[in-house]
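Worksheet for the structure shown next.
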Ligand code: PHE
Ligand code: NA
């Protein structure tokens, strides 16, 4: 089975690729508004707790699970979980459990990326809008401008398709010549752009209110406000850890499947997690929060999803050199997005390659077509409904961008540390410079981390029930009749994708 699989060419290439996988729009676009919306300093406390007790251990476990699968010619989660599970249980259960894990992961990589690619397209489009100065005149309302942008088929479709073509070409070239090379160019670019923006952010003065200094903005994020610490901030923080480290998606395992058998795991995983946190907390936190704060105050910080596309353009047109810095900002988002999205693109390509013997170039072409089809509704909703509500995107994001990650995290960790037993620890430590001690494996990786994820799952479920997401017609569209079909459509597609992937994975497991 499997044939000869590719490996990463160098340690630095591997680390940069893994960092590229993790560092994405989650860091620069999602984190700042999550932190701002959930009380700033109050958010950072559960955030770091979740990082240490859930994020880091699960990340190491995912690396080990992936390298293990790669040894047997597999780059996707279904067969990995299947092989680990059957060490403990009967074949029948292992097949069901592997297929469940595989189907969850495939649903995430198909559907999460279907809208993520659009957001990447917007970032490229907005780099263009900024460089050409389109929204720079003072009488342009940046909110209305964004709505106009997403309702304009020409711009939306063109920049999205450019994104998909880039992903396709790079994936076709394979691991070393494609993914690794991309990381070696894009990652340094991201850090350089970010440092330039950081210096600019910290030297801003507020044109509106002299009290709004960049430092006061940072203060907002860094002073713990214990009284604002609540369940929803905690859930959001733990959810952000999942998203930002690319946990519960299967793509870490996929990248790790191209490791050599004795490659270090513990040190490398900790290194990439640190690079991700540096980009998220230090760089993104110190760029976006001060910029938004100096120009817009705490209200600006609360502008949510629109922070990058609506609030920041407002700032770019006022600040000295804004056209340059704004363009850098959107290019930074673009590079960060592409190096993450490519991991999902490669996951699907590897699935076809490893499990069905489809040649890489052909597989990548197929995946390109798949993302065109699954991305269409995301782009069409604003155009056809003349809204900018993104009900279809929101519905998908709630399930595959939030809930499924935690669910898959739980399913895979049980296979890796319980069903696989002590072999799980051997697998982590083989070739590692830092060894995980047995007590840590037993106490943290087999108990605290799974428990943490299980509790997160329970509370996320309660939260979802409360928010009305489990209703046939979820509450957030109940009073918006034109959007209901889009949400129901998202659900039907999700169900189809899940079932189809379950069957495909289940069958591929049977042949082994
Ligand atoms: N870790 C990524 C991020 O922070 C999450 C992601 C990976 C999303 C791949 C989409 C595709 O953005
Ligand atoms: Na990230």
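Residue numbers (the working numbering): 3 to 514. Backbone N, C-alpha and C fix where the C-beta goes; we use that ideal spot for every residue, glycine too.
ask   = To the nearest angstrom, how far is it from the Cα of residue 284 to the Cα of residue 149?
value = 31 Å
key: Near the ligand NA: residue 24 beta-carbon under 7 Å from a heavy atom   = yes
key: Buried or exposed by the 16-neighbour rule on C-beta atoms within 10 Å, applied to residue 3   = With a pLDDT of only 44 at residue 3, under 50, the local geometry of the prediction cannot be trusted, and the value read off the model is given with reservation. Exposed, since its Cβ has fewer than 16 Cβ neighbours within 10 Å.
inquiry  = What I want to know is whether the C-beta of residue 1 ends up closer than 7 Å to one or more non-hydrogen atoms of the ligand NA.
reply    = Nothing in the structure corresponds to residue 1, since the chain is present only between 3 and 514.
request  = State the Cα-Cα distance for the pair residue 497 and residue 323, rounded to the nearest angstrom.
outcome  = 48 Å
task = Measure the Cβ-Cβ separation of residue 10 and residue 19 and say whether it is below 8 Å.
result = yes
message = Would residue 66 and residue 430 qualify as a contact pair, given that the criterion is a beta-carbon distance under 8 Å?
response = yes
query = Per the contact definition of three or more C-beta pairs closer than 8 Å, is the segment 406-424 in contact with the segment 80-96?
reply = yes
ask   = For residue 153, does the three-state DSSP call read helix, strand or coil?
value = coil
key: Under the three-state DSSP convention, the category residue 138 falls into   = coil
inquiry  = Do residue 109 and residue 402 have their beta-carbon atoms positioned less than 8 Å apart in this structure?
reply    = yes
task = Can you give me the Cβ contacts of residue 208 inside the same chain, cut-off strictly under 6 Å, excluding the 5 residues immediately before and after it?
result = 214, 296
ask   = Can you tell me whether DSSP reads residue 2 as helix, strand or coil?
value = In this structure the chain extends from 3 to 514, so residue 2 is not present and cannot be described.
message = Output needed for residue 292: all residues of its chain with C-beta closer than 7 Å, excluding positions within five of it in sequence on either side, in chain order.
response = 203, 204, 206, 216, 219, 220
request  = Examine the ligand NA and report whether any of its heavy atoms sits within less than 7 Å of the Cβ of residue 29.
outcome  = yes
task = Count the other C-beta atoms from every protein chain shown that fall within 10 angstroms of the C-beta of residue 424, then say buried if there are 16 or more, exposed otherwise.
result = exposed
query = Between residue 222 and residue 273, what straight-line distance do the alpha-carbon atoms span, to the nearest angstrom?
reply = 28 Å
key: Whole runs of the alpha helix (DSSP H) within the segment 169-212, excluding any shorter than 4 residues   = 183-204
inquiry  = What does the Cβ neighbour count give for residue 233, buried or exposed, with the cut at 16 atoms within 10 Å?
reply    = exposed
query = For residue 410, which of 69, 8, 107 has the nearest alpha-carbon?
reply = 107
ask   = Is the closest heavy atom of the ligand PHE to the C-beta of residue 261 under 7 Å?
value = no
request  = Give a yes or no on contact between the segment 136-147 and the segment 335-350, applying the rule of three or more CB pairs nearer than 8 Å.
outcome  = no
ask   = What's the C-alpha gap between residue 181 and residue 268?
value = 22 Å
request  = Locate the alpha helix (DSSP H) running through residue 301, then write down its first and last residues.
outcome  = 287-303
key: Burial state of residue 8, where buried means 16 or more other Cβ atoms lie within 10 Å   = buried
request  = Measuring alpha carbon to alpha carbon, tell me which of 493, 393, 35, 277 ends up nearest residue 23.
outcome  = 277
inquiry  = Please classify residue 472 as buried or exposed, where buried requires at least 16 neighbouring CB atoms within 10 angstroms.
reply    = exposed
task = Kindly give me the distance between the Cβ atoms of residue 113 and residue 288, rounded to whole angstroms, as I take these residues to be in contact under 8 Å.
result = So it is not a contact: roughly 33 Å between Cβ atoms.
task = Kindly indicate which residue of 26, 55, 179, 31 has the alpha-carbon position closest to the one of residue 453.
result = 55
ask   = Does the beta carbon of residue 440 come closer than 8 Å to any beta carbon on chain D?
value = Within the model displayed, chain D is absent; a lone protein chain is all it includes.
inquiry  = Using the three-state DSSP reduction, which class does residue 76 fall into: helix, strand or coil?
reply    = coil
Three-state secondary structure (DSSP) of residue 131 = helix
message = Using a 10 Å radius around the Cβ and a threshold of 16 neighbouring Cβ atoms, would you call residue 435 buried or exposed?
response = exposed
query = Within the present structure, is the beta-carbon of residue 345 separated from the nearest heavy atom of the ligand PHE by less than 7 Å?
reply = yes
key: Own chain partners of residue 157 with C-beta closer than 7 Å, once the 5 adjacent residues on each side are dropped   = 127, 151
ask   = Is residue 52 buried or exposed, if buried means 16 or more other CB atoms sit within 10 Å of its CB?
value = buried
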